[in-house]
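The block underneath contains the structure these notes are about, expressed in structure tokens.
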Amino acid sequence: RTSVRTYFAYLIYSSSVAAGAQSGIEECKYQFAWDRWNCPERTLQLSSHGGLRSDWNHQSTGASTAGSSIFDTGPTSPVWSINFNRILFSRLETQFNRTLHSRNPNPFPPNYPLQPGSSLPTGFLSPANRETAFVHAISSAGVMYTLTRNCSLGDFDNCGCDDSRNGQLGGQGWLWGGCSDNVGFGEAISKQFVDGLETGQDARAAMNLHNNEAGRKAVKSTMKRTCKCHGVSGSCTTQTCWLQLPEFREVGYYLKEKYHKALKVDLLQGVGNSAASRGAIAETFSSISKKELVHLEDSPDYCLENKTLGLLGTEGRECLKRGKTLSKWEKRSCKRLCGDCGLAVEERRADMVSSCNCKFHWCCAVKCEQCRKSVTKYFCVKKEKRERSGGGISRKKETKLKKKM
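Position 360, counted from 1, in the sequence shown is what my numbering calls 362; the numbers after and before it change by one each time, with no gaps.
Right under this line is the structure:
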């Protein structure tokens, strides 16, 4: 009976883990939408050296996957995020079953699809660069965040508010109280699940585990303190305060800053196959703050197409130029994606039809008009292509200069 209860509890956690990992990848796409590397789905695929193998899909679904990637996004392939959940869920379920029914401390045999030195989502991004570091951190953060949130929502019978500090003095004029989000629970379960997928002992594995931890630290560092006043006539002589999860977007912003400051560790990826080298790895990583992201390799030039890494370059990418709500980073995206990569910016106009002037008619219908609006978008193109088309922003600037002369 205990095993059955544990098994069903495990399945509940697995669902939250998969949802959290997916939310992490979605946040990655948002944070890098206007960067040269934009967390592309095509790079979230198989590693070229002993990473995730395509027979995972065969194990999970029974379908043949010969010559294909589990994250193919072609017209006949499932959406990658659905596969991500299915594979992660299958992987975790297998881990649980092997651990439950075996005394073997390592529940995965040597020929298991995930080879030593790789882990989810390591196999998706084979280079050990800062982008891979971010993916690990944001995925780990997403798992911890979702588990903590679902705990607060009452999804788990064995989890509730964190009231361990209630009644204690938190600072001048306030006490701990209320119902704090139980990040301790989310941290413990996410560490067990996410770090448990890492079977390697080399420098790459140490990098993965470090960045997993940095993601969890990011959730704790962005927690918000909420307070309620107590006193006569709202005088607020004392306050009761508790900690709440922020919007996950804030965790994404926090880790994006860490990404820009990521530290490069000078260790070979394969180092760690002996006790001496593992000791050197442990010593190296112990000197680095667990809040910082680390990487082993430099990033490639994302301006250029790289078929080996599944990168398409920035040609054809959309960029932003105008808009009151745009950030400075977004406004500079055309320079970053196009100009700095040796590409021109092409202006394209298109007509969009949308519902407008909607009115409620008694009873009971809403009727709208169809309005047509011209929309201008900007794209990165090769300079010779822009010259042949006779369009583009650069051509218009040249015309204005000639008029001034």
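For each residue, glycine too, the CB sits at the ideal point set by N, CA and C.
Quick check on ASP164: buried or exposed, where buried means 16 or more other Cβ atoms within 10 Å of its Cβ? Translated into the one-based positions of the sequence shown, residue 164 becomes position 162. It is buried - the Cβ of ASP164 has at least 16 other Cβ atoms within 10 Å.
Just how far apart, CA to CA, sit THR378 and ASP342? As a working mapping, residue 378 is identified with position 376 in the sequence shown. As a working mapping, residue 342 is identified with position 340 in the sequence shown. THR378 and ASP342: Cα-Cα distance of roughly 22 Å.
So which of ALA23, LYS292 and THR242 has the shortest CA-CA distance to ARG227? On the sequence shown, position 225 is the one that residue 227 refers to. Among ALA23, LYS292 and THR242, the Cα nearest to that of ARG227 is on THR242.
DSSP state of ARG374, grouped into three classes? For the purposes of this step, residue 374 is taken as the residue at position 372 of the sequence shown. Strand, per DSSP.
Run of the beta strand (DSSP E) containing THR310, from where it starts to where it stops: Here the question's residue 310 lines up with position 308 in the sequence shown. Premise fails: THR310 is in no beta strand (DSSP E) and is neither H nor E.
Can you tell me whether GLU317 is helix, strand or coil according to DSSP? Counted from its first residue, the sequence shown places residue 317 at position 315. Here GLU317 sits in coil by DSSP.
Own chain partners of LYS384 with C-beta closer than 8 Å, once the 5 adjacent residues on each side are dropped: Looking up residue 384 in the sequence shown gives position 382. Once the five neighbours on either side are set aside, the close Cβ partners of LYS384 are GLU317, LEU345 and ALA346.
Would CYS145 pass as a contact of VAL196 if the rule is Cβ separation under 8 Å? Looking up residue 145 in the sequence shown gives position 143. Looking up residue 196 in the sequence shown gives position 194. The displayed chain sequence assigns Val, not Cys, to residue 145. Yes; because the gap between Cβ atoms is below 8 Å, this pair is in contact.
Does the distance from the C-beta atom of HIS212 to that of VAL296 stay below 8 Å? As a working mapping, residue 212 is identified with position 210 in the sequence shown. As a working mapping, residue 296 is identified with position 294 in the sequence shown. Their beta carbons are under 8 Å apart, which means HIS212 touches VAL296 by this criterion.
On the premise that PHE136 lies in contact with CYS30, defined as a C-beta separation below 8 Å, what is that separation, rounded to the nearest angstrom? Sequence index remark: in the sequence shown, residue 30 carries index 28 (1-based). Sequence index remark: in the sequence shown, residue 136 carries index 134 (1-based). With a Cβ gap of about 7 Å, CYS30 and PHE136 count as contacting.
What residues in its chain sit with their C-beta under 6 Å from that of CYS41, if we drop five residues either side in the sequence? Translated into the one-based positions of the sequence shown, residue 41 becomes position 39. So the qualifying residues of the chain are CYS30, LYS31 and PHE34.
Pick helix, strand or coil for ASN214, following the three-state DSSP scheme. Taking the sequence shown and counting its residues from 1, the one referred to as residue 214 is at position 212. ASN214: helix per DSSP, three-state reduction.
Which first and last residues belong to the beta strand (DSSP E) in which VAL347 is found? One-based indexing of the sequence shown puts residue 347 at position 345. Start and end: 346–363.
Count the C-beta pairs between the segment 218–227 and the segment 245–265 that are closer than 8 Å, then say yes if the count reaches three, no if not. yes
Closest by CA to GLU386, which one among SER288, THR240 and GLU348? As a first step, residue 386 is located in the sequence shown; it is residue number 384 there, counting from the start. Nearest of SER288, THR240 and GLU348 to GLU386, Cα basis: GLU348.
Please decide whether CYS243 counts as near chain C, where near means a Cβ-Cβ distance under 8 Å. In summary, chain C is missing from the structure at hand, where a single protein chain is found.
First and last residue of the beta strand (DSSP E) that includes ARG227? Your numbering for residue 227 matches position 225 in the sequence shown. From DSSP, the beta strand (DSSP E) with ARG227 extends over 226–232.
Quick one: measure Cβ to Cβ for ASN313 and VAL267, integer angstroms, because I've assumed they're closer than 8 Å. Along the sequence shown, read from residue 1 onward, the residue named residue 313 stands at position 311. Along the sequence shown, read from residue 1 onward, the residue named residue 267 stands at position 265. At residue 313 the sequence reads Leu, which differs from the Asn that was named. With 8 Å as the limit, LEU313 and VAL267 do not qualify as a contact, their Cβ atoms being about 23 Å apart.
Inspect the beta-carbon positions of SER141 and GLY217 and report whether they are closer than 8 Å. Counting from 1 along the sequence shown, the entry for residue 141 is found at position 139. Counting from 1 along the sequence shown, the entry for residue 217 is found at position 215. In contact: SER141 and GLY217 (Cβ atoms closer than 8 Å).
Mind checking which residues open and close the beta strand (DSSP E) that includes CYS243? Taking the sequence shown and counting its residues from 1, the one referred to as residue 243 is at position 241. That run of the beta strand (DSSP E) goes 240–246.
Report the rounded CA-to-CA distance for ASP353 versus GLY198, giving the unit in angstroms. Taking the sequence shown and counting its residues from 1, one reaches residue 353 at position 351. Taking the sequence shown and counting its residues from 1, one reaches residue 198 at position 196. Going from the Cα of ASP353 to the Cα of GLY198 covers about 51 Å.
Whole-angstrom Cβ separation of ARG132 and SER289, contact assumed at under 8 Å? Counting from 1 along the sequence shown, the entry for residue 132 is found at position 130. Counting from 1 along the sequence shown, the entry for residue 289 is found at position 287. That pair is no contact at about 19 Å.
Host alpha helix (DSSP H) of TRP331 (start-end): Within the sequence shown, the letter at position 329 stands for residue 331. Start and end: 330–333.
Give me the Cα-Cα distance between PHE362 and GLN372, rounded to the nearest whole angstrom. Walking along the sequence shown from the start, residue 362 turns up at place 360. Walking along the sequence shown from the start, residue 372 turns up at place 370. Cα to Cα, the separation comes out at about 15 Å.
If you drop the 5 nearest sequence neighbours on each side, which residues of the same chain put their C-beta closer than 6 Å to that of VAL19? Translated into the one-based positions of the sequence shown, residue 19 becomes position 17. Counting only Cβ-Cβ distances below 6 Å, and skipping sequence neighbours, we find VAL145 and PHE195.
When you compare only the Cα positions, how much space is there between SER25 and TYR147? The residue given as residue 25 occupies position 23 in the sequence shown. The residue given as residue 147 occupies position 145 in the sequence shown. Distance between the alpha carbons of SER25 and TYR147: 10 Å.
Just grab the DSSP bridge partners of PHE454 for me. Because the chain spans 3 through 407 in this model, residue 454 falls outside it and cannot be assessed.
State buried or exposed for ASN152, treating a residue as buried only when at least 16 other CB atoms are found within 10 Å of its CB. The residue given as residue 152 occupies position 150 in the sequence shown. Label assigned to ASN152: buried.
Helix, strand or coil: how does DSSP classify ASP164 here? For this step, residue 164 is matched to residue 162 along the sequence shown. Looking at ASP164 - three-state DSSP - the assignment turns out to be strand.
Of the choices ALA21, GLU28, ALA139 and ILE14, whose alpha-carbon is the least far from that of LYS260? Position 258 of the sequence shown, counted from the first residue, corresponds to residue 260. That would be ALA139, whose Cα lies nearest to the Cα of LYS260.
By the 10 Å Cβ neighbour count, where 16 or more other Cβ atoms means buried, how is SER166 classified, buried or exposed? As a position in the sequence shown, residue 166 is number 164, starting the count at 1. Label assigned to SER166: exposed.
Report back the beta-carbon spacing between LEU339 and CYS382 to the nearest angstrom; my notes put them in contact at under 8 Å. Here residue 339 refers to the residue found at position 337 of the sequence shown. Here residue 382 refers to the residue found at position 380 of the sequence shown. Contact flag correct, Cβ pair sits at about 5 Å.
Other residues of its chain near ARG374: CB distance less than 6 Å, five sequence neighbours each side excluded: Within the sequence shown, numbered from 1, the residue matching residue 374 stands at position 372. Cβ neighbours of ARG374 beyond the five flanking positions: ASP353 and VAL355.
Option nearest TRP36 by Cα separation, candidates ILE14, GLU320 and ALA205: Against the sequence shown, residue 36 aligns to sequence position 34. Per the Cα distances, GLU320.
Of the listed residues ASN210, ARG206 and LEU245, nearest to MET225 (C-alpha basis): Taking the first residue of the sequence shown as 1, we reach residue 225 at position 223. Of the listed residues, the one whose Cα sits closest to MET225 is LEU245.
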